[in-house]
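Counting from 1, one number per residue, gives the positions in the sequence shown under full-length UniProt numbering.
Every residue, glycine too, gets a C-beta built ideally from N, C-alpha and C.
The structure displayed is predicted, hence computed values, not measured ones.
Below: the structure, in structure tokens.
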Amino acid sequence: MSGRYAEVYNRSLDDPEGFWGEAARAIDWIRPWDHVLDDSRAPLFRWFAGGQLNTCWNALDRHVAAGRGEQVALIHDRPITNTVVTYTYRELLDLTARFAGLLAAQGVGKGDRVILYMPMVAEAVVAMLACARLGAIHSVVFGGFAARELATRLDDAKPKVVVSASCGIEGARVIPYKPLLDSAIDQAAHKPTCCIILQRPQEQAPLKPGRDIDWTEAETATPHDCVPVAATDPLYILYTSGTTGQPKGVVRDNGGHAVALKWTMEHFYGLKPGEVFWAASDVGWVVGHSYIVYGPLLHGATTVLYEGKPVGTPDASVYWRVISQHKVAMLFTAPTALRAIKREDPEGLLLKGYDLSHFRQLYLAGERSDSDTLRWAEAHLKVPVIDNWWQTETGWPVAGNPVGLGLMPVKHGSVTRPLPGWDVRVLDGQGHEVPAGTLGAVTIRLPLPPGALPTLWNAEERFIRSYLSEYPGFYQTSDAGYVDEDGYLFIMARTDDIINVAGHRLSTGAMEEVLAGHPDVAECAVIGVHDALKGQLPLGFLVLKAGVTRGHETIVAEVVQRVREVIGPVAAFRQALVVERLPKTRSGKILRATMQKIADQEAWAMPATIDDPAVLEEIGAALTTAGFGRKTIWNQ
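Shown next as structure tokens:
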């Protein structure tokens with residue numbers, strides 16, 4: 001273990017106020033805080049109470065004031081239209097200040113909400129920063145999100161303005177946004193006073209007189225200065241699906257968020273100001289908020305905004321092209337993206353011809369990283385591949401291998417150790433810590449560090465009930481895992497992905513690790529299906545690598561034997577289905593819970609965040625053929 005890591009980590013837990021008070025000096029404050037940590041309403045904690053700042057100032061204005069105005073702040077790479085546009089810090093500041101002026105002219109001020117229903121375009125970043133500049137609270141909703149889901153967010157956030165675009169581009173498809181937006185407004189009880197629409201050349205949208213404004217009006221708007229806000233004021237609301245069907249609005253504050261993200265850029269990623277950082281995510285996800293927009297810009301780095309896919313735009317070499325062309329130092333992506341690349345190019349032949357000499361680290365998060373994919377990336381990229389674990393709620397990594405504090409030895413399957421500020425404990429059902437190597441509920445001892453959610457939007461009681469009640473004094477992550485004898489953390493599954501086979505609690509993640517190690521398997525998933533005798537039995541789904549011609553029955557027999565050898569007969573793993581693809585959210589998470597409901601013939605609803613609904617029909621057909629799900633009960 002890195003000596004520096006141990007020193008920094010222990011101090012962060014022993015003296016959190018001193019630790020984060022020092023970290024906060026890297027941020028410009030309009031007014032210093034009265035208390036680093038306000039615990040007067042525990043278990044509801046607030047950071048930097050009494051302090052005032054502006055997040056947009058810290059992301060843009062201060063870099064221009066410091067003489068970095070001509071440095072590139074944002075690279076918008078669009079392989080789907082074969083264009084690259086760059087913006088310096090000065091240019092991005094000018095666009096943001098003018099758009100803030102346009103928002104202000106529509107009555108948007110401090111505390112007002114603005115929903116952004118946008119594709120992966122530079123204007124989405126401008127709109128986020130413009131809201132921060134005014135002290136308004138932005139809530140980004142995926143462009144193309146279903147009208148019904150958008151309507152629920154309109155009613156919950158009650159935005160004064162919606163910012164949208166005429167269309168998005170998904171591969172070869174152009175997706176009109178305006179009909180979806182208009183339908184959502186019709187369905188919602190709350191009506192925004194104004195919609196600002198970015199017209200894209202691929203699709204022009206009709207504007208509604210008296211309500212809709214063309215984005216180009218920002219060009220002549222009066223630039224607006226930064227508005228001071230309290231450190232504890234909300235910066236944004238990011239909705240995540242709730243178990244009740246009502247979305248949960250995760251709140252991120254201004255002060256703790258800026259301090260934590262600035263700290264991670266140096267101490268976790270080891271990035272220097274001026275270097276290029278690429279988070280291959282979407283601004284609709286927390287990774288996009290933290291590490292496409294705010295983290296790199298707070299640090300004075302250059303960030304890449306990528307509008308495309310890991311394969312198919314045009315092929316599985318596009319990531320290597322972006323890294324080479326823009327001299328990317330670090331890439332952050334989901335394991336599923338890497339598996340898609342590996343499936344199309346298992347030998348890594350498409351890497352040849354690209355200069356990756358300046359590329360230092362690959363970061364993976366969002367879905368459990370299997371060892372086979374990690375080893376493939378290490379072998380072909382020849383850089384550290386760093387698995388890290390976090391959630392929408394935490395805002396930044398809870399655990400990972402901190403480059404800025406000194407890399408530790410890698411253990412495949414582990415996210416290494418908790419980062420400073422995160423006191424991670426593995427508990428049993430009675431709230432007691434379990435011995436090393438024992439599977440349990442992964443929790444975090446309160447207070448959570450700066451940058452984590454302080455509450456849910458207009459739902460404080462729900463926040464306490466959802467996250468703080470099951471284990472008093474701890475935040476419940478709803479993830480299951482264990483800590484080994486060296487203090488390394490292993491995240492195995494969501495707690496609802498632990499299956500019970502004849503009384504044995506087994507991790508589907510552990511089984512997936514075994515399946516992924518088969519040389520013909522590109523991607524896999526395991527779910528628990530109902531069994532009258534054993535309670536549940538595991539069922540595997542296999543996506544094979546491109547070019548595999550061996551018989552499916554042979555491959556299934558081999559993976560069944562592998563699970564028997566590695567995990568043991570207790571797993572009762574006897575069946576797997578070969579499928580063309582797995583159903584995923586737009587962030588790459590496999591929709592295991594929905595697959596399980598289909599297999600068990602339970603009622604289910606189409607997940608709002610699904611990337612391609614047609615995949616569930618394919619999964620349902622495969623399950624029906626195998627004697628599981630019935631398509632007739634599908635709730636579409």
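Residue i versus residue j: straight-line alpha-carbon distance, rounded
i: residue 229; j: residue 392; result: 23 Å
i: residue 400; j: residue 369; result: 12 Å
i: residue 651; j: residue 165; result: A query on residue 651 cannot be resolved here, the shown segment of the chain reaching from 1 to 636 and no further.
i: residue 257; j: residue 236; result: 10 Å
i: residue 211; j: residue 196; result: 9 Å
i: residue 67; j: residue 60; result: 11 Å
i: residue 637; j: residue 612; result: Because the chain in this structure spans residues 1 to 636, residue 637 falls outside the shown range and cannot be described.
i: residue 328; j: residue 271; result: 11 Å
i: residue 568; j: residue 506; result: 11 Å
i: residue 512; j: residue 363; result: 20 Å
i: residue 244; j: residue 466; result: At residue 244, the pLDDT of 47 sits below 50, so the modelled position is not reliable and the matter cannot be decided from this model.
i: residue 201; j: residue 168; result: 11 Å
i: residue 296; j: residue 533; result: 53 Å
i: residue 42; j: residue 163; result: 37 Å
i: residue 52; j: residue 335; result: 38 Å
i: residue 87; j: residue 481; result: 43 Å
Secondary structure of residue i, DSSP reduced to three states
i: residue 360; result: coil
i: residue 317; result: coil
i: residue 292; result: helix
i: residue 301; result: coil
i: residue 569; result: helix
i: residue 590; result: strand
i: residue 535; result: strand
i: residue 412; result: coil
i: residue 636; result: Any answer about residue 636 is weak, because its pLDDT of 33 lies below 50 and its placement is not dependable; what the coordinates show is given next. Looking at residue 636 - three-state DSSP - the assignment turns out to be coil, as it is neither helix nor strand.
i: residue 199; result: coil
i: residue 3; result: helix
i: residue 117; result: strand
i: residue 46; result: strand
i: residue 10; result: helix
i: residue 256; result: helix
i: residue 269; result: coil
i: residue 324; result: helix
i: residue 187; result: helix
i: residue 575; result: strand
i: residue 262; result: helix
i: residue 511; result: helix
i: residue 222; result: coil
Which listed residue (the options) has its alpha carbon closest to that of residue i
i: residue 451; options: 252, 139, 191 and 178; result: 252
i: residue 218; options: 199, 476, 101 and 305; result: 101
i: residue 113; options: 148, 125 and 194; result: 194
i: residue 83; options: 411, 306 and 406; result: 306
i: residue 405; options: 346, 412 and 265; result: 265
i: residue 109; options: 322, 262, 408 and 227; result: 227
i: residue 65; options: 44, 538 and 28; result: 28
i: residue 515; options: 530, 540, 501 and 493; result: 540
i: residue 136; options: 115, 259 and 151; result: 115
i: residue 522; options: 344, 614, 353 and 495; result: 344
i: residue 261; options: 355, 149, 398 and 375; result: 398
i: residue 151; options: 436, 117 and 121; result: 117
i: residue 359; options: 330, 385, 384 and 376; result: 330
i: residue 38; options: 292, 176, 524 and 447; result: 447
i: residue 575; options: 582, 378, 564 and 583; result: 564
i: residue 4; options: 403, 186, 373 and 346; result: 403
i: residue 234; options: 73, 250 and 224; result: 250
Close-in-space but distant-in-sequence residues of the same chain around residue i (CB under 8 Å, 5 per side omitted)
i: residue 310; result: 280, 316, 318, 319, 333, 337, 338, 340 and 341
i: residue 414; result: 387, 484, 488, 489 and 490
i: residue 585; result: 591, 607, 609, 610 and 611
Own chain partners of residue i with C-beta closer than 7 Å, once the 5 adjacent residues on each side are dropped
i: residue 394; result: 452
i: residue 273; result: 299, 300 and 301
i: residue 626; result: 577
i: residue 520; result: 544, 545, 548, 550 and 555
i: residue 325; result: none
Same chain only: Cβ atoms within 6 Å of residue i, ignoring 5 sequence neighbours per side
i: residue 155; result: 188, 189 and 190
i: residue 288; result: 281 and 282
i: residue 19; result: 11 and 12
i: residue 284; result: 140 and 142
Short CB-CB distance (under 7 Å) between residue i and chain D
i: residue 70; result: Of the protein chains in the structure, only one exists, and it is not chain D.
### Query
Is the segment 143-150 touching the segment 91-103 in the sense that three or more CB pairs, one from each, lie closer than 8 Å?
no
### Query
For the segment 404-423 against the segment 459-472, are there 3 or more C-beta pairs whose distance is under 8 Å?
no
#### Entry: the segment 274-294 in contact with the segment 593-607 per 3-pair CB rule at 8 Å
no
### Query
Is the segment 124-139 touching the segment 49-64, taking contact as three or more C-beta pairs under 8 Å?
yes
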